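Visitor: Have a look at the structure that comes next, please.
Protein chains: 2
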Amino acid sequence: MIFTAPRYRFTVRPMREAAAPESRPYHHGDLRRALIDAARRLLEQEGPTALSLRAVAREAGVSPAAPYHHFKDKGELLDAVAHEGWEMLNQALTAARAKGANLHDKMAGLGVAYVLFARDNPSLYRVMYDGSRDKEDLPTQMRMKDDSAYCQVRDTLVEAGADPTDEIALELATTAAWCAAHGLAEMASFKSFDHLKDAVGGEEAFFHGVFEHMKVFAKVQPD
Amino acid sequence: MIFTAPRYRFTVRPMREAAAPESRPYHHGDLRRALIDAARRLLEQEGPTALSLRAVAREAGVSPAAPYHHFKDKGELLDAVAHEGWEMLNQALTAARAKGANLHDKMAGLGVAYVLFARDNPSLYRVMYDGSRDKEDLPTQMRMKDDSAYCQVRDTLVEAGADPTDEIALELATTAAWCAAHGLAEMASFKSFDHLKDAVGGEEAFFHGVFEHMKVFAKVQPD
DNA sequence: TTTTTCATTTGAACGATGCTTAGATAGCAC
DNA sequence: GTGCTATCTAAGCATCGTTCAAATGAAAAA
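The following block contains the structure:
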């Protein structure tokens, strides 16, 4: 497996506020960290289109060229931001894990948690998938680590009764769940569905309703 | 319903080749059309990142300011390109419609057709959804017109036996199918799934397999 | 035909972006 | 203190989206 050690110890920490500019010495101390925080701040406040490398440098109070000593290019900064996003998603799914009695309820619960994360962090979610699309893959972090969101979905399936010896079926089911959640996460922000949300009694009910109706793809119709 | 008449008669026509630049008179004749074609050509050949307004103008053999007499800004050009994409998707689903005996087979067939469209027109598909995300909605064209992809999914559900009087369930099921297909369309290009594709015997089998396993969300497990 | 009109197209410009290079600064080992 | 070296700045390049005045020429008006 090709995976070089990360250059810095990774934890998702709360974003620091921007330091008062006049207090900064010539050498910043931890500009890398400050740049990631500045990027996330801009992302939250101004949205993904406002996130230019120069704007991030401005927000961090350094010159436009400074970031290039910590990131090869803009993409590498965005990768670092996305990395934190994936870690946050892992944590969100961990928190929501394993509620519900049967397979359906467990999976729907996990799916709703996923969609809620995307709803609450729309810009971050977008950066996460834009980066993946560019690389034509999800980050290694998502597929290999034990607490990765992908592995949690798979483990939940097993807990809920899926046959762990049929590896292919298990991976297909995990992929199916992931696709359903991601698809809904992207649709959920579209205004066309507002009337449906109202009709079923709110956003979360809408999410549950959509997952419920994934049954149209089931070979034998339940109910 | 808010929907102004389109400014030009719409059909999805094959892209014209770039005209020999020296043969072009000062007034182009149909620069709007030529710009859309140039944009789609660039999109196919160079990918979405290469698609700048200036590059499109260059490709069409015209000055950088010329497009602004036919499109308010870059976004409006991309909207026009996306519009053609949605029409193509409609046609693709129409062609694939209603094959299969039961609900599961019909829906899986439609879903696979959707995913194949995204696989075969990756850059166009991206432009279609980027535009939708910016506007926070799918184009009106997708939801209202009778032959729209969305309506076709819904009609297929009814044909396959869904209760047409339960409007909410019908819309939820249509949405679920759409989410599943869009989710898989985005995942399908990720390399992590290559081994799964091989394991199940090819890409289309993989698509069918994933749709099949959407059953993990069904309340009663079939099989 | 000649003249007028006016949408179309051009060229030049503005501010902003990603990125590179050369040089200034200062923390740190000696 | 003296260097060494990572860090940061200043300036510059090519490109981008967009605007605006001026040029063009097709088509209507005379």
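These protein sequences, in sequence, are chains B and X. Here the first sequence stands for residues -11 to 211, numbered as in this note's numbering. Here the second sequence stands for residues -11 to 211, numbered as in this note's numbering. Using N, Cα and C, we set each Cβ at its ideal position, and we do this for glycine too. Since this is a predicted model, take the numbers as computed values, not measurements.
(1) Using beta-carbon positions only, say whether L19 (chain B) and A38 (chain B) come within less than 8 Å of one another.
(2) For H183 (chain B), name the three-state secondary structure that DSSP assigns.
(3) Can you have a look at K60 (chain X) and say buried or exposed, based on whether 16 or more other CB atoms are within 10 angstroms of its CB?
(4) Determine whether the Cβ of S120 (chain B) lies closer than 8 Å to any Cβ atom of chain X.
(5) Is there a C-beta anywhere in chain X that falls below 8 Å from the one on S180 (chain B)?
(6) List the residues of chain X whose Cβ lies closer than 8 Å to the Cβ of A106 (chain B), in chain order.
(7) Checking contacts by CB at 8 Å: is C139 (chain B) closer than that to chain X?
(8) With three or more C-beta pairs closer than 8 Å as the rule, is the segment 162 to 170 of chain X touching the segment 132 to 143 of chain X?
(9) Go through the segment 43 to 114 of chain X residue by residue and report every complete run of the alpha helix (DSSP H) that reaches 4 residues or more, in order.
(10) Below 9 Å on C-beta distance, what does V69 (chain B) contact in chain X?
(11) Between which two residues does the alpha helix (DSSP H) containing M132 (chain B) stretch?
(12) Using CA coordinates, which residue listed in B:G149, B:E174, B:D135, B:V115 is at the minimum distance from L104 (chain B)?
(13) Quick one: measure Cβ to Cβ for G99 (chain B) and A168 (chain B), integer angstroms, because I've assumed they're closer than 8 Å.
(14) If we count the other Cβ atoms within 10 Å of its Cβ and call it buried at 16 or more, is T153 (chain X) buried or exposed?
(15) How would you label V204 (chain X), buried or exposed, when you count the other beta carbons within 10 angstroms and need 16 or more for buried?
(16) Check for me: the alpha helix (DSSP H) holding T144 (chain B) runs from which residue to which?
(17) Quick one: Cα of F194 (chain B) to Cα of S40 (chain B), how far?
(18) Please report the straight-line C-alpha distance between M116 (chain B) and V115 (chain X), rounded to a whole angstrom.
(19) To the nearest whole angstrom, what separates the beta carbons of A27 (chain X) and L65 (chain X), a pair I think is in contact under 8 Å?
(20) Could you give the DSSP three-state label for F178 (chain X): helix, strand or coil?
(21) Using a Cβ-Cβ cutoff of less than 7 Å, which residues in the same chain neighbour E10 (chain X) once the five nearest sequence positions on both sides are dropped?
(22) Apply the 10 Å Cβ neighbour rule to A101 (chain X) and answer buried if 16 or more other Cβ atoms are within range, or exposed otherwise.
Guide: In short:
(1) no
(2) helix
(3) exposed
(4) yes
(5) yes
(6) Ordered by position in chain X, no residue passes the 8 Å Cβ test against A106 (chain B), which lies about 12 Å from the chain.
(7) no
(8) Touching, yes, given that three or more Cβ pairs across the two stretches are closer than 8 Å.
(9) 62 to 84, 91 to 108
(10) Here the premise fails: no neighbours, minimum Cβ distance about 18 Å.
(11) Unbroken alpha helix (DSSP H) run through M132 (chain B): 128 to 132.
(12) B:E174
(13) 6 Å
(14) Exposed, by the Cβ-count rule.
(15) Classification for V204 (chain X): buried.
(16) 137 to 147
(17) As the crow flies, the alpha-carbon of F194 (chain B) is around 35 Å from that of S40 (chain B).
(18) When rounded, the distance between both Cα atoms is 18 Å.
(19) So it is a contact: roughly 6 Å between Cβ atoms.
(20) In the structure shown, the three-state DSSP call for F178 (chain X) is coil.
(21) Low confidence applies here, because E10 (chain X) scores a pLDDT of 43, under 50, leaving its location unreliable; read the following figure in that light. Within the same chain, E10 (chain X) has no close Cβ partners at all.
(22) Buried, because 16 or more other Cβ atoms sit within 10 Å of the Cβ of A101 (chain X).
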